[in-house]
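In UniProt numbering, the protein residues as written are 1 to 164.
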Amino acid sequence: MRLRPSGGSTVLPPPNIPLELRVVVTNPRRRKRGRRGGIHRRLKRMSLQDRRKLPALPTVLLGNVQSIRNKLDELEAWTTLRQEIKNACLLVFTESWLSESDRDEDLTLTGFGAPLRLDRNKEVTNKQRGGGVCCYVNKSVSSNSCFSQSVTFIRALMLSPRYS
């Protein structure tokens, strides 16, 4: 029994299906291969009211900066000029190389709150520079709490954001 003729792309239904249910399917594929898919395509098909009901996904920008001090001017320019960075909920930078002598007022970025940071402890690691985490929370996202935990060489910075 041949279900697919060699000449075309039509699929014939088997003969044991009742006549009412027999339908000649001209294109068995739902969509062509190679087309874009994913969440962006599904969101575009949704109505605006349905999209507003969805929870907001936070945008997090993570980067390894290796000394944030000499990159602050560039970061300030990026946060004022680039819309996707300006609207990011959270900017997290590892390897900030900051110490206790660096003031928070010198590290502020426009549109973001005071930096939340964990600096490397020089007494514990016996190293002069390296390490550290610096985190900026967008002013549109208020952070409920900031908690830092230190266990020997492992340091953790935990945030609990609240979206308005």
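Every residue, glycine too, gets a C-beta built ideally from N, C-alpha and C.
The structure displayed is predicted, hence computed values, not measured ones.
C-alpha distance - Q49 paired with H40, whole-angstrom precision: 16 Å
Residue burial classification, I68 (beta-carbon count within 10 angstroms, cutoff 16): When all chains shown are included, I68 counts as buried.
Inter-residue Cα distance where the pair is P115 and S96: 11 Å
Those runs of the beta strand (DSSP E) which lie wholly inside the stretch 56-118 and span at least 3 residues: 60-64, 90-94 and 116-118
Identity of the residue in T125, L54, L81 and L75 nearest G63 by Cα: L75
Where the alpha helix (DSSP H) through Q49 begins and ends: L48 to K53
C146 to G113 span [Cα, whole Å]: If you draw a straight line from the Cα of C146 to the Cα of G113, it is about 13 Å long.
Beta-carbon spacing of G131, T79 below 8 Å: no
Extent of the continuous alpha helix (DSSP H) run through R42: I39 to R45
Given L157 as reference, the closest of F93, N70 and N87 once Cα atoms are compared: F93
Boundaries (first-last residue) of the alpha helix (DSSP H) holding K122: K122 to T125
Identified DSSP bridge partners for Q128: For Q128, which the question treats as bridged, DSSP gives no partner whatsoever.
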